[in-house]
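Engineer: Note that the working numbering numbers the sequence shown so that position 44 is 40, with each residue one more than the last. Encoded as structure tokens, here's the structure I'll be asking about.
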Amino acid sequence: MAQHVAQPTATTPELPATLPLKAIAPWAVFFGILMLILLYFVGAEQGATAVVSGSGVHEWVHDARHLLGFPCH
């Protein structure tokens, strides 16, 4: 039986494709605003600054409020 040995070949490594900042910026702004809205609802949506009346939002985010260290009682 003959054994075959792989011979190394000289190739240039491929560089990863670059992602332009103009393609990332709109998505970064969108998710940044979305996270600020979420932080508002978890951290400040109750009492005098409430956007939504009642305690529905407070009950939905109650555990997240405690997990993040926001007081609510």
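Virtual Cβ for every residue (Gly too), placed ideally from N, Cα, C.
Please report the residue range of the alpha helix (DSSP H) in which L35 lies.
Structural biologist: Along the sequence shown, one-based indexing puts residue 35 at 39. Looking at the DSSP string, the run of the alpha helix (DSSP H) that includes L35 is 17 to 39.
Engineer: Evaluate the contact criterion for the segment 25 to 41 versus the segment 59 to 66: three or more CB pairs, one atom per stretch, below 8 Å.
Structural biologist: Yes, since at least three Cβ pairs between the segment 25 to 41 and the segment 59 to 66 fall closer than 8 Å, the two stretches touch.
Engineer: Compare the beta carbon distance of V53 and A46 with 9 Å and say whether it is the shorter of the two.
Structural biologist: Counted from its first residue, the sequence shown places residue 53 at position 57. Counted from its first residue, the sequence shown places residue 46 at position 50. Yes.
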